[in-house]
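Asks: Right, I'll just put the structure down here and ask away after.
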Amino acid sequence: MTNTPVLNCQLLHLWTQQPPRFEPGEPLFWDDPYISEQMLAAHLNPNTEAASRTPPVIEKTVNWMMTVMGLQPGQSLIDLGCGPGLYTSRLAQRGLHVTGVDYSRRSIDYANHTAAEQKLDITYRYQNYLTLEDENLYDAALLIYGDLCPLSPENQVNLLRRIHRALKPGGQFVLDVTTRQIRARHGLKNSWYVSDGPGFWKAGPHVVLQHGFDYPEHDTFLDQYIVIEADGRATVYRNWFLDYSPETIRPVLEGAGFAVRGVWNDLVGTPYTPDTEWIGLLAQKE
Ligand SMILES: C[S@@+](CC[C@H](N)C(=O)[O-])C[C@H]1O[C@@H](n2cnc3c(N)ncnc32)[C@H](O)[C@@H]1O
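Residue numbers for the sequence shown follow this note's numbering, beginning at 529 and rising by one.
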């Protein structure tokens, strides 16, 4: 009798069908002990925009934000999803009182270490920003590199209301969101590859089945990765994206109590054009 390996085809079939919108995949992604190491390396690699923008763009963004929000030394700012602190450290160097929140333990450890080395007084918190309880504390808030878009509509409202509550009256909020143009460029990725490891997802040998699912009537897109390890264990990772236009993001921000003060193609002040892949926004607590 031969020892023929058995693949669970039913499960594979199920996983390769389009799931309901925002059905979660594996919850441990940003804070996964192995993946967070790859993410941190990506944040710190100046030659890729996989996790953060490049250092020259970040520098320009910080200068632009200081000007467009009229920020003054001594004012307070919170950066949600601060990663390893690429914006927070620059803003603290300009004299702001900065708080950074992220729920990658590895990124927060790195950020704390860097702040100590650079003698910068920054408060970093390892926390899921969907549980933010701060109230009336900050002159400004940041949510940068499309961090609103992977959340379900319910969680987007939840987060925006929490940011609104955390700001002082008249407090300002800078964020960026993706548009459908970015999906048009990336397209549907239906492919697979074998890695001997170490790879992005796992240290050991593994197979990755990558699927893209489009929900055009809801401006929603899913990048799904099924990662199968040598012992047959399979994990489904899902990156959801809810894309926006200026017309569709405005009511979402207004519904959470913000007034939209400016719309750009990015966070360095490029005037808005309808073909943009990103929308940079300045909103204000009303
Ligand atoms: C695309 S990265 C952007 C990082 C940073 N804003 C930048 O542009 O360099 C998203 C960041 O948000 C963090 N993050 C994702 N979901 C989060 C949540 N629910 N609570 C706190 N941080 C979260 C991740 O750990 C990651 O550092």
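Positions of the beta carbon are idealized from the N, C-alpha and C atoms, including for glycine.
All figures in this text were calculated on a predicted structure; none of them were measured in a lab.
Return yes when the Cβ of Arg-689 is within less than 8 Å of the Cβ of Leu-784, no when it is not.
Replies: Here residue 784 corresponds to residue number 256 of the sequence shown, with the count starting at 1. Here residue 689 corresponds to residue number 161 of the sequence shown, with the count starting at 1. The sequence as given places Ala at residue 784; Leu does not occur at that position. It is a contact, given that the beta carbons lie within the stated cut-off.
Asks: Ile-777 and Val-705: beta carbons closer than 8 Å?
Replies: Stepping through the sequence shown from its first residue, residue 777 is reached at position 249. Stepping through the sequence shown from its first residue, residue 705 is reached at position 177. Result yes, Cβ atoms of Ile-777 and Val-705 sit closer than 8 Å.
Asks: Verify the contact flag: Gly-611, CB atom, against every heavy atom of ligand 1, threshold strictly below 7 Å.
Replies: The residue you call residue 611 lines up with position 83 of the sequence shown. Yes, Cβ of Gly-611 sits closer than 7 Å to a heavy atom of ligand 1.
Asks: Would Val-702 pass as a contact of Leu-795 if the rule is Cβ separation under 8 Å?
Replies: Within the sequence shown, residue 702 is the residue found at index 174, counting from 1. Within the sequence shown, residue 795 is the residue found at index 267, counting from 1. Yes.
Asks: Cβ of His-571 within 7 Å of any heavy atom in ligand 2?
Replies: The model depicted lacks ligand 2 and carries ligand 1 instead.
Asks: Would you give the residue range spanned by the alpha helix (DSSP H) that Ile-636 belongs to?
Replies: Counted from its first residue, the sequence shown places residue 636 at position 108. Element bounds for Ile-636: 633 to 645.
Asks: Could you tell me the boundaries of the alpha helix (DSSP H) in which Val-788 lies?
Replies: Counting from 1 along the sequence shown, the entry for residue 788 is found at position 260. Not the alpha helix (DSSP H): Val-788 falls in the beta strand (DSSP E), residues 786 to 792.
Asks: Out of curiosity, what's the CA-to-CA distance linking Glu-745 and Ile-650?
Replies: In the sequence shown, the residue the question calls residue 745 occupies position 217. In the sequence shown, the residue the question calls residue 650 occupies position 122. Each residue's Cα considered, the two are about 43 Å apart.
Asks: Quick one: what's got a C-beta closer than 6 Å to Met-593's C-beta in the same chain, skipping five residues either side?
Replies: Within the sequence shown, numbered from 1, the residue matching residue 593 stands at position 65. Taken in chain order, the residues that qualify are Val-702.
Asks: For His-541, is the classification buried or exposed, using 16 other Cβ atoms within 10 angstroms of its Cβ as the cut-off for buried?
Replies: Start at 1 with the first residue of the sequence shown, and residue 541 comes out as number 13. Its Cβ having fewer than 16 others within 10 Å, His-541 is exposed.
Asks: Could you tell me whether the segment 555 to 565 touches the segment 746 to 753, using the rule of 3 or more Cβ pairs below 8 Å?
Replies: They do not touch, by the three-pair rule.
Asks: Please specify which runs of the beta strand (DSSP E), each continuous and at least 3 residues long, are wholly inside the segment 637 to 725, giving them in chain order.
Replies: Within the segment 637 to 725, the complete beta strand (DSSP E) runs of at least 3 residues are 650 to 654, 666 to 671, 695 to 706, 719 to 723.
Asks: Measuring only from the beta carbon, is Arg-690 closer than 7 Å to any heavy atom that is part of ligand 1?
Replies: Taking the first residue of the sequence shown as position 1, residue 690 is located at position 162. Outside the cutoff, so no.
Asks: Using 7 Å as the cut-off, classify the Cβ of Asn-656 as near or not near the heavy atoms of ligand 1, replying yes or no.
Replies: To locate residue 656, count along the sequence shown from 1; it is residue 128. At least one heavy atom of ligand 1 is nearer than 7 Å to the Cβ of Asn-656, so yes.
Asks: Do you know how far the Cα of Arg-708 is from the Cα of Leu-599?
Replies: By one-based count along the sequence shown, residue 599 stands at place 71. By one-based count along the sequence shown, residue 708 stands at place 180. Each residue's alpha carbon lies about 32 Å from the other.
Asks: Looking at C-alpha atoms only, which residue of Ala-694, Gly-760, Gln-655 is the closest neighbour of Leu-539?
Replies: Residue mapping note: residue 539 aligns to position 11 of the sequence shown, counting from 1. Here the closest residue by C-alpha is Gly-760.
Asks: Output needed for Gly-698: all residues of its chain with C-beta closer than 7 Å, excluding positions within five of it in sequence on either side, in chain order.
Replies: What you label residue 698 is simply residue 170 of the sequence shown in a count that begins at 1. Correct list, in chain order: Gln-812, Lys-813.
Asks: So for Gln-752, helix, strand or coil by DSSP?
Replies: Here residue 752 refers to the residue found at position 224 when the sequence shown is read from its first residue. Three-state DSSP puts Gln-752 in a strand.
Asks: Indicate, with yes or no, if ligand 1 has a heavy atom lying under 7 Å from the CB of Ala-787.
Replies: As a first step, residue 787 must be located in the sequence shown, where it is residue number 259. Not under cutoff, so the answer is no.
Asks: Using the three-state DSSP reduction, which class does Trp-768 fall into: helix, strand or coil?
Replies: The sequence position of residue 768 within the sequence shown is 240, counting from 1. Looking at Trp-768 - three-state DSSP - the assignment turns out to be strand.
Asks: If contact is defined by three or more beta carbon pairs under 8 Å, each pair taking one atom from either stretch, is the segment 571 to 580 in contact with the segment 605 to 620?
Replies: Cβ pair count under 8 Å is three or more, so yes.
Asks: Once DSSP output is grouped into helix, strand and coil, what is the label at Trp-592?
Replies: Within the sequence shown, numbered from 1, the residue matching residue 592 stands at position 64. Helix at Trp-592.
Asks: Give the secondary structure of Pro-802 by DSSP, where H, G and I count as helix, E and B as strand, and everything else as coil.
Replies: Residue mapping note: residue 802 aligns to position 274 of the sequence shown, counting from 1. DSSP places Pro-802 in coil when its eight states are reduced to three.
Asks: Whose CA, out of Val-629, Trp-720, Asp-803, lies closest to the CA of Ala-694?
Replies: If you number the sequence shown from 1, residue 694 lands on position 166. Closest by alpha carbon: Val-629.
Asks: Below 8 Å on the Cβ atoms is my guess for Leu-810 versus Gly-797; work out the distance and round it to an integer in Å.
Replies: Taking the first residue of the sequence shown as 1, we reach residue 810 at position 282. Taking the first residue of the sequence shown as 1, we reach residue 797 at position 269. That pair is no contact at about 10 Å.
Asks: Looking only at C-alpha atoms, which of Glu-805, Asn-793, Phe-749 sits nearest to Phe-550?
Replies: For the purposes of this step, residue 550 is identified with residue 22 of the sequence shown, where counting begins at 1. Here the closest residue by C-alpha is Phe-749.
Asks: Under the three-state reduction of DSSP, which class applies to Ala-620: helix, strand or coil?
Replies: To locate residue 620, count along the sequence shown from 1; it is residue 92. Ala-620: helix per DSSP, three-state reduction.
Asks: For Ser-719, does the count of other Cβ atoms within 10 angstroms reach 16, so buried, or fall short, so exposed?
Replies: Here residue 719 refers to the residue found at position 191 of the sequence shown. Per the 10 Å Cβ criterion, exposed.
Asks: How far does the alpha helix (DSSP H) with Thr-776 in it extend, from its first residue to its last?
Replies: Position 248 of the sequence shown holds residue 776. Note, Thr-776: alpha helix (DSSP H), 774 to 783.
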